[in-house]
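Just so we're aligned, residue 604 is where the sequence shown starts under this note's numbering, counting upward by one.
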Amino acid sequence: MRFPIVSHACTLYCLVHIVSFIILKVIDWTLGLRLKDEQEREGLDITQHGEQVYE
Numbered sequence: 604m605r606f607p608i609v610s611h612a613c614t615l616y617c618l619v620h621i622v623s624f625i626i627l628k629v630i631d632w633t634l635g636l637r638l639k640d641e642q643e644r645e646g647l648d649i650t651q652h653g654e655q656v657y658e
């Protein structure tokens, strides 16, 4: 009786990971998940928030 429960848990675990991967890929293709290299070098505070943390 224990095998069906483990089997369903493994199936659900795999399904969640596959769906999450697909969602992340769609977001990456449409909006992008990373900033441009220039924005990363300049600093995220200035490019994203318009604030300067360290002077």
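Think of the CB as a built atom: it goes at the ideal place given N, C-alpha and C, for glycine as much as any other residue.
What you are looking at is a predicted structure, and each value in this text was computed from that prediction instead of being measured.
Could you give the C-beta distance for residue i and residue j, rounded to a whole number, given that I count them as a contact under 8 Å?
i    : j    : result
D648 : E641 : Actually they do not touch by this definition, with Cβ atoms about 15 Å apart.
L638 : I630 : Not quite, the Cβ-Cβ distance comes to about 14 Å (not below 8 Å), so this is no contact.
Give the secondary structure of residue i by DSSP, where H, G and I count as helix, E and B as strand, and everything else as coil.
i    : result
L638 : coil
E645 : helix
Q651 : helix
So, for residue i: in the same chain, excluding its five sequence neighbours on each side, which residues have a beta-carbon less than 8 Å away from its beta-carbon?
i    : result
D627 : Checking the sequence shown, residue 627 turns out to be Leu, not Asp. Closer than 8 Å at the Cβ level, and outside the excluded window around L627, lie L636.
Using a Cβ-Cβ cut-off of 7 Å (strictly less than) and excluding sequence neighbours within five positions of residue i, which residues of its own chain qualify?
i    : result
F624 : none
Who are the Cβ neighbours of residue i in its own chain at under 6 Å, not counting the five residues just before and after it?
i    : result
V608 : According to the sequence displayed, residue 608 carries Ile and not Val. Answer for I608: no residue qualifies.
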